[in-house]
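Residue numbers (this note's numbering): 2 to 146. C-beta: ideal position from N, C-alpha, C; glycine also. Predicted, not measured: the structure shown is a model, and the values here were computed from it. Remarks on the structure that follows.
Written out as structure tokens, the structure reads:
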């Protein structure tokens, strides 16, 4: 097993005729695999596809409730994975300057986490080793080591 691997996936929630049991099976898979991140969306018909001819018997409200429930699981899992990164050293690629915070650069880890560091623009497009110190609302904060 690879302890530092990042597992992600895409999920369509509320497919026509999706039963409660099928939805619960999807949630169970999400919980068992413990994805780092997922992209999850409500089903929407695409003209001309086989699925577009299936009668959509699930209300929009039910679909939205299922999606929220599913995404809540993933948010919790993602936070758990993120918390484990505090105190670790990560190699990141500095790829942009923060538009919201002066003097802050943004980069990404191998598992696609956004890291904020203080630094000058000469670090853009460079790999640096960063020690993760904290979690912000959406990102991680670190210092170059």
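The Cβ atoms of residue 10 and residue 36 sit closer than 7 Å to each other. Each of 85, 130, 26 and 88 was checked against the Cα of residue 107, and the nearest Cα belongs to 130.
Contact check for residue 110 against residue 93 passes: the beta carbons are separated by less than 7 Å. A check of alpha carbon separations from residue 12 across 69, 99, 82 and 119 identifies 69 as the nearest. Within the stretch 42-109, the runs of alpha helix (DSSP H) at least 4 residues long that lie entirely inside it are, in chain order, 61-84. Between residue 133 and residue 143, the gap from beta carbon to beta carbon is short of 7 Å. Counting along the chain, residue 24 sits inside the alpha helix (DSSP H) bounded by residues 21-34.
Relative to the Cα of residue 123, the nearest Cα in the group 31, 96, 55 and 117 belongs to 96.
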